[in-house]
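Engineer:
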Amino acid sequence: MTMNYLVVGGGGREHALARALSCNPESVLHAVMSHANPGITALCHDFLIASETDTEAIVRYAKSHQIDYAVIGPEAPLHAGVTDALLEIGVGCLGPTRAAAQIETDKAFCRRLMKEHHIEGLPAYRIFSDSEDAVDFIRSHDEDIVIKPIGLTGGKGVKVVGEQVDREGAIEYARSIQGEMIIEERLIGEEFTLMAFVDGNSLIPMPLVQDHKRAFEGDTGPNTGGMGSYSMPDHRLPFVLDAEYAAALRIMQDIVQALDTTGSPYRGILYGQFMNTATGPKVIEFNARFGDPEAMNVLSILSSDFSEIAIRVAEGTLRQSDVVFEKKATVCKYIVPAGYPEKPESGDKIELADDHDALLYYANVEEKDGSLFTRTSRSLAFVGVGDTLADAERSAENAASLIRGNVRYRTDIGKEAVLFDRIHHMKELR
Ligand code: GLY
Numbered sequence: 511m512t513m514n515y516l517v518v519g520g521g522g523r524e525h526a527l528a529r530a531l532s533c534n535p536e537s538v539l540h541a542v543m544s545h546a547n548p549g550i551t552a553l554c555h556d557f558l559i560a561s562e563t564d565t566e567a568i569v570r571y572a573k574s575h576q577i578d579y580a581v582i583g584p585e586a587p588l589h590a591g592v593t594d595a596l597l598e599i600g601v602g603c604l605g606p607t608r609a610a611a612q613i614e615t616d617k618a619f620c621r622r623l624m625k626e627h628h629i630e631g632l633p634a635y636r637i638f639s640d641s642e643d644a645v646d647f648i649r650s651h652d653e654d655i656v657i658k659p660i661g662l663t664g665g666k667g668v669k670v671v672g673e674q675v676d677r678e679g680a681i682e683y684a685r686s687i688q689g690e691m692i693i694e695e696r697l698i699g700e701e702f703t704l705m706a707f708v709d710g711n712s713l714i715p716m717p718l719v720q721d722h723k724r725a726f727e728g729d730t731g732p733n734t735g736g737m738g739s740y741s742m743p744d745h746r747l748p749f750v751l752d753a754e755y756a757a758a759l760r761i762m763q764d765i766v767q768a769l770d771t772t773g774s775p776y777r778g779i780l781y782g783q784f785m786n787t788a789t790g791p792k793v794i795e796f797n798a799r800f801g802d803p804e805a806m807n808v809l810s811i812l813s814s815d816f817s818e819i820a821i822r823v824a825e826g827t828l829r830q831s832d833v834v835f836e837k838k839a840t841v842c843k844y845i846v847p848a849g850y851p852e853k854p855e856s857g858d859k860i861e862l863a864d865d866h867d868a869l870l871y872y873a874n875v876e877e878k879d880g881s882l883f884t885r886t887s888r889s890l891a892f893v894g895v896g897d898t899l900a901d902a903e904r905s906a907e908n909a910a911s912l913i914r915g916n917v918r919y920r921t922d923i924g925k926e927a928v929l930f931d932r933i934h935h936m937k938e939l940r
């Protein structure tokens, strides 16, 4: 039966969502995005250019196009209550309500929920509502700490004392934060992402992914939205032991149960960002949506019908058998404008080649007269899929190396040497 779907958002993640939905020929695709993403517009029956947090415009659009189900990509529309408003007019949503999305949008809510429900993996933390109390705490503690504003910061709000800033810098930063902040112990280990489909009750995990946030080779330079990511054919990561994986999954299940007791059952994607430490996985944060770039890894190997999964999540009827991933490795490499993330140069022409076998996802680019131009954020991503990590990396690397323009990417993402470093680091820590 034909169904009308709406994708909210216009980045690389949302292109992957749109592609996955469009694999079912019965899906009629619509999108609301703040800029025209040429990958999404090519797949859509119709689209609206509007702010992704303009709840009224999104509801009007959904009504006038008889949308049946919506898939919300980024966190900002979740925080703006887009899911709540769509549910009110009878549109089923893959994306939690504003209250349930607090697991991402309010870091103090997340930490308090974990504490109250005795959920494992909680780092030592303190919440401060007065910045001078935070300053006193920073002055009187020598250990490495992490400072986080409690609200959404677009991934740019976390400061690691000892690494990104010194103690004086930390004091200045704490004074600049408006509202509550959290100060936490600095976790040492290897990060991994565990995402899951959650239908209010069942939680069905996706393959583990490792993201690379730093701008430059060897995980150096400033943090970015994510320069690329990889996943393995067995859907695990070799530096995460079975017991550590089981512990991370249990933490996610406990969060879903805890949210249920708050009267806000969770329906959508739960994204756990974990630090695997010497004493097991600790929660860095939860997100209420797919990761970007991680969505591109997992959706590229989803062999079951994503449009059906979206319906089942929205209706609370998801079964394990609805979610099947190919046993393949994936490597995603983001192409970014020169100067990204601190001083991105935009408006430059990018030329793509055809002689590669990687999947192409558009992100923040402008299409004018048949040519592509950079904007200020990540431009586009190539995803290589292969039987081994090396095959997937070669595919993504080949595609990325053929691109011409004032852009760059990280050549090291998905290389086996990077993986061996991770395995070695975890062995040392354990
Ligand atoms: N890849 C990190 C994020 O989506 O927040």
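Sequential numbering of the sequence shown, starting at 511, is according to our numbering.
Ideal Cβ placement from N, Cα and C applies to all residues, glycine included.
Just so it is clear, the structure is predicted and the values come from calculations on it, not from any experiment.
#1: Below 8 Å, is the gap between the Cβ of Y850 and the nearest heavy atom of the ligand GLY?
#2: Given this structure, state the Cα-to-Cα distance separating S741 from A820, to the nearest angstrom.
#3: I think M543 touches G522, with their Cβ atoms under 8 Å apart; what is that distance to the nearest whole Å?
#4: Here's the rule: buried if 16 or more other CB atoms are within 10 angstroms of the residue's CB, otherwise exposed. What is I599?
#5: Can you find the residues in the same chain that come closer than 7 Å, C-beta to C-beta, to L812, ignoring five residues on each side of it along the sequence?
#6: Using 10 angstroms around the beta-carbon of H934, count the other beta-carbons present and answer buried if the total reaches 16, otherwise exposed.
#7: Would you check whether the ligand GLY has a heavy atom nearer than 8 Å to the C-beta of N797?
#8: Cutting at 6 Å between CB atoms, please list the residues of its own chain near V708, excluding the five before and the five after it.
#9: Comparing the CB of G736 with every heavy atom of the ligand GLY, is any distance shorter than 8 Å?
#10: To the nearest angstrom, how far is it from the Cα of S639 to the Cα of M691?
#11: How would you call S814, buried or exposed, if buried means at least 16 neighbouring beta carbons within 10 angstroms?
#12: For E678, does the three-state DSSP call read helix, strand or coil?
#13: With a CB to CB cut of under 6 Å and the five nearest residues on each side skipped, what residues in its chain are close to S561?
#14: Any heavy atom of the ligand GLY inside 8 Å of the beta-carbon of Y781?
#15: Taking the alpha helix (DSSP H) that E701 falls in, what are its first and last residues?
#16: Of the choices P748, A758, G736, D729, whose alpha-carbon is the least far from that of P715?
#17: Might you give, ordered along the chain, the residues of its own chain that have their beta carbon closer than 6 Å to the beta carbon of R914, omitting 5 neighbours on each side?
#18: Return yes when at least one heavy atom of the ligand GLY lies under 8 Å from the C-beta of D802, else no.
#19: Relative to the ligand GLY, is the shortest distance from any of its heavy atoms to the C-beta of K658 smaller than 8 Å?
#20: Run the proximity test for T703: is its beta-carbon closer than 8 Å to any non-hydrogen atom belonging to the ligand GLY?
#21: Is there at least one non-hydrogen atom of the ligand GLY closer than 8 Å to the beta-carbon of K723?
#22: Let me know if K625 comes out buried or exposed under the rule of 16 or more other beta-carbons within 10 Å of its beta-carbon.
#23: With H, G and I counted as helix, E and B as strand and the rest as coil, what does DSSP make of H589?
#24: Kindly indicate which residue of D676, A910, F883, V581 has the alpha-carbon position closest to the one of M737.
#25: Is it a yes or a no for the segment 547 to 556 touching the segment 869 to 882, going by three-plus beta-carbon pairs under 8 Å?
#26: Hey, out of P587, R677, P633, G735, whose CA is closest to G664's CA?
#27: For M785, which of helix, strand or coil comes out of DSSP?
#28: Quick check: the segment 562 to 571 against the segment 841 to 850, are at least 3 beta-carbon pairs closer than 8 Å?
#29: Taking the CB atoms as reference points, tell me whether L516 and I577 lie closer together than 9 Å.
#30: Check the DSSP bridge columns for D721 and list the partner residues they point to.
#31: Confirm the yes/no value for this check: CB of S810, any heavy atom of the ligand GLY, distance under 8 Å.
#32: Alpha carbon to alpha carbon, how far is A863 from T827? Give it in angstroms, no decimals.
#33: Using the beta-carbon count (16 or more within 10 Å), is S712 buried or exposed?
#34: What residue ranges within the segment 727 to 774 form continuous alpha helix (DSSP H) runs of no fewer than 4 residues, ordered along the chain?
#35: Rank F892, E642, D867 by C-alpha distance to the C-alpha of S686 and give the top, closest one.
#36: Have a look at N786, K723, S881, N514 and flag the residue whose alpha-carbon is nearest the alpha-carbon of H575.
Structural biologist: This is what the structure holds:
#1: No, the ligand GLY has no heavy atom inside 8 Å of this Cβ.
#2: About 23 Å.
#3: Separation of the CB atoms of M543 and G522 is rounded to 12 Å, and the pair is thereby denied contact status at 8 Å.
#4: Per the 10 Å Cβ criterion, exposed.
#5: The beta carbon of L812 sits closer than 7 Å to the beta carbons of A530, F835 from its chain, once the five residues preceding and following it are set aside; these are given in chain order.
#6: Of the residues assessed, H934 falls on the exposed side of the cut-off, its CB having fewer than 16 other CB atoms within 10 angstroms.
#7: When distances are taken from the beta-carbon of N797 to the heavy atoms of the ligand GLY, the shortest one is below 8 Å.
#8: The beta carbon of V708 is closer than 6 Å to those of V766, Y776, L780 in its chain, skipping five residues each way along the sequence.
#9: Yes, since a heavy atom of the ligand GLY falls inside the 8 Å radius drawn around the Cβ of G736.
#10: Cα to Cα, S639 sits roughly 7 Å from M691.
#11: So S814 counts as exposed.
#12: In the three-state reduction of the DSSP assignment, E678 falls in the helix class, which pools H, G and I.
#13: Around S561, the same chain offers S544 as residues with beta carbons nearer than 6 Å, after the five sequence neighbours per side are excluded.
#14: It does: the Cβ of Y781 is within 8 Å (strictly closer) of some heavy atom of the ligand GLY.
#15: It is not in any alpha helix (DSSP H) - E701 instead sits in the beta strand (DSSP E) that spans 700 to 709.
#16: Among P748, A758, G736, D729, the Cα nearest to that of P715 is on A758.
#17: Hits under 6 Å: E861.
#18: At a threshold of 8 Å, D802 counts as near the ligand GLY, since its beta carbon sits closer than that to one of the ligand's heavy atoms.
#19: Incorrect: K658 has no Cβ contact closer than 8 Å to the ligand GLY.
#20: T703: yes, Cβ under 8 Å from the ligand GLY.
#21: Indeed, a heavy atom of the ligand GLY lies less than 8 Å from the Cβ.
#22: The C-beta of K625 has fewer than 16 other C-beta atoms within 10 Å across all chains shown, which makes the residue exposed.
#23: Helix at H589.
#24: Nearest of D676, A910, F883, V581 to M737, Cα basis: A910.
#25: Taking 8 Å as the limit for Cβ pairs, the verdict is that the segment 869 to 882 does touch the segment 547 to 556.
#26: Of the candidates P587, R677, P633, G735, the one whose C-alpha sits nearest the C-alpha of G664 is G735.
#27: Of the three classes helix, strand and coil, the one that applies to M785 here is strand, per DSSP.
#28: By the C-beta criterion, the segment 841 to 850 is judged not to be in contact with the segment 562 to 571, since fewer than 3 inter-stretch pairs fall below 8 Å.
#29: Between L516 and I577, the CB-CB gap stays under 9 Å.
#30: Bridge pairing for D721: S739 [DSSP].
#31: Taking 8 Å as the cut-off, the C-beta of S810 does not count as close to any heavy atom of the ligand GLY.
#32: Straight-line spacing of the CA atoms in T827 and A863 works out to 43 Å.
#33: S712 comes out buried.
#34: Assignment of alpha helix (DSSP H) within the segment 727 to 774, counting only whole runs of 4 or more residues, yields 752 to 771 in chain order.
#35: That would be E642, whose Cα lies nearest to the Cα of S686.
#36: The shortest Cα separation from H575 among N786, K723, S881, N514 belongs to N514.
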